[in-house]
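Taking this note's numbering, I'd label the letters of the sequence shown as residues 24 to 270. Notes follow the structure.
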Amino acid sequence: MLYSPLLLSQDIETVAEAAEKGFEITGAYVITSFELFGISFNLTSSVAVQWLVMLLLGTLFFVLGRNLKVKPEGKRQMIAEMLAGFASDMVRDGMGEKYRKWTPYIATLLCFSICNSLAGLLGFSSPTGDLSVILAWGIITFIMVQRNKFKTGGVKGFFKSFVEPLPFMLPFNIIGELANPLSQSFRHFGNIMAGGIIMGLIYWALGYFAVFVPAVLSLYFDLFGAVVQAYIFATLTMTYVANADCS
């Protein structure tokens, strides 16, 4: 995880002192540790921030979804319908009408990824800069892909998909299936982490002048990068699941 020498709330003396020390890349900050059934567990900042994001999103969507009318009567319902319509169209265009029921999951994945990446703007460590978090999302996608293969093709169709178009493709198809969640996870993690490292290097190199760096750089790497990577991750999830249809 990247710890930048600059926080917007710091004064110039604190920035200068941090710049002299430089910055370091370590794992997620461990808040506390505990044992359960003889196994040691760490509560990291990545886990804590994700729970905060879930609480925030849960509250937001609860407010937006309350007392909806058949005909919109206020801005709140108009915003809710606009967001729901965007997610529905995204899934329909990416997966087809058959997979419209996947809309809640894809919308949740998109919002969850964006909010976790943007947590860095509020001074928290971004969970998307933790490979274990993104890899877990990739594994979930992998499980859903295999489930869709089995559901649409049955046992025969599931195993047949690994030997198509010819039997000698079996090892290559297996490698490809295992590579998908890895490439999907490393792409998201790598881009978020790279943006943080670049900003850290800029602030560290400028030293005293770091406080005069335009916020546009941070907005580009944090805001733009977060939205783009979340969209790509959700799009890849839709593509992998839809292409796993063996029917």
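Even for Gly, the Cβ is constructed at its ideal location relative to N, Cα and C.
{"Asked": "Pair within 8 angstroms by beta-carbon distance, Ala-110 and Gly-88", "Found": "no"}
{"Asked": "Within 8 angstroms, strictly: CB atoms of Pro-204 and Ile-162", "Found": "yes"}
{"Asked": "Residues that Ser-63 bridges to, as DSSP identifies them", "Found": "Glu-58"}
{"Asked": "Assigned exposure category for Met-261 - 16 Cβ within 10 Å defines buried", "Found": "buried"}
{"Asked": "The segment 217-230 contacting the segment 243-250, beta-carbon criterion three pairs below 8 angstroms", "Found": "yes"}
{"Asked": "Other residues of its chain near Thr-67: CB distance less than 6 angstroms, five sequence neighbours each side excluded", "Found": "Ala-51 and Val-53"}
{"Asked": "Which residues DSSP lists as bridging Val-53, in chain order", "Found": "Thr-67"}
{"Asked": "Inter-residue spacing [alpha-carbon to alpha-carbon] between Ser-148 and Ser-69", "Found": "7 angstroms"}
{"Asked": "Secondary structure of Arg-170, DSSP reduced to three states", "Found": "helix"}
{"Asked": "Rounded C-alpha distance that separates Val-264 from Thr-164", "Found": "8 angstroms"}
{"Asked": "Beta-carbon proximity list for Asn-139, same chain, < 6 angstroms, skipping 5 on both sides", "Found": "Val-76, Pro-150 and Thr-151"}
{"Asked": "Residue of Gly-180, Trp-227, Asp-153 and Lys-94 minimising C-alpha distance to Gln-73", "Found": "Asp-153"}
{"Asked": "Simplified DSSP assignment, three categories, for Glu-96", "Found": "coil"}
{"Asked": "Gly-146 - DSSP class collapsed to helix/strand/coil", "Found": "coil"}
{"Asked": "Candidates Ile-215, Thr-82 and Arg-123, of which the one nearest Ala-142 by Cα", "Found": "Ile-215"}
{"Asked": "Close-in-space but distant-in-sequence residues of the same chain around Ser-32 (CB under 6 angstroms, 5 per side omitted)", "Found": "For Ser-32, the predicted structure reports a pLDDT of 41, less than 50, and the residue's modelled location is therefore unreliable. A value from the coordinates is still provided. Answer for Ser-32: no residue qualifies."}
{"Asked": "Cβ neighbour criterion (16 or more within 10 Å) applied to Gln-267", "Found": "Note on identity: in this sequence residue 267 is Ala, with Gln being the wrong assignment. The residue in question, Ala-267, is buried, as its Cβ has 16 or more Cβ neighbours within 10 Å."}
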